[in-house]
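Right, one structure below, let's go through it.
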Amino acid sequence: QVPGTGFIQTDTVVNWRDISTGIEGENTAMHGYELLQNYPNPANPSTAISFTVPCRCRVTISLYNVLGREIRRLADGAFGPGKHTVLWDGLDDSGQAVSGGIYFYRMRSGDFATVRKALMLK
14 QVPGTGFIQT DTVVNWRDIS TGIEGENTAM HGYELLQNYP NPANPSTAIS FTVPCRCRVT
74 ISLYNVLGRE IRRLADGAFG PGKHTVLWDG LDDSGQAVSG GIYFYRMRSG DFATVRKALM
134 LK
């Protein structure tokens, strides 16, 4: 289990069984961190993912397929306080277009982690 996240991880496969998605009822803004719903959603051919951090900190934003495999890392570095946006062009890490369907994107920063769902249309 990855400490503080509720994720069980082996290599790049995540077990989604016990994950709080952050989609309903979770107020992440009260912690100073926020992961917003991607726009547009459904996405075709690309979508923007915005997030907010309260201080200069390392942020990782990763995309996962429904099997829990990481397919793309959109952000992995230091971000200053405020709102930021990363774009997903519908490609995986190898540059191949993904198929239409449901994907999950996860934001991690220190002990904070949350997940949202995105729909890709083709």
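All you need for this note's numbering is the position in the sequence shown, starting with 1, plus 13.
Where a beta carbon is used, it is the ideal one built from N, C-alpha and C, also for glycine.
Quantities reported herein were computed from a predicted structural model and do not represent experimental measurements.
{"Asked": "Residue range of the beta strand (DSSP E) that includes residue 61", "Found": "60-66"}
{"Asked": "Cβ pair residue 105, residue 84 closer than 8 Å", "Found": "yes"}
{"Asked": "Buried or exposed by the 16-neighbour rule on C-beta atoms within 10 Å, applied to residue 126", "Found": "buried"}
{"Asked": "Beta-bridge pairing of residue 69 - partner residues as DSSP gives them", "Found": "Beta-bridge pairing links residue 69 to no other residue."}
{"Asked": "Pairwise C-alpha distance: residue 115 and residue 55", "Found": "9 Å"}
{"Asked": "Closest Cα partner of residue 120 within the set 67, 79, 72 and 53", "Found": "72"}
{"Asked": "Contact under 8 Å by Cβ, residue 78 with residue 133", "Found": "no"}
{"Asked": "One or two residues paired with residue 79 in a DSSP bridge", "Found": "Residue 79 pairs with nothing; no bridge assigned."}
{"Asked": "C-alpha distance - residue 70 paired with residue 113, whole-angstrom precision", "Found": "33 Å"}
{"Asked": "Through-space distance from residue 99 to residue 53, alpha-carbon basis", "Found": "13 Å"}
{"Asked": "Option nearest residue 88 by Cα separation, candidates 111, 62 and 108", "Found": "62"}
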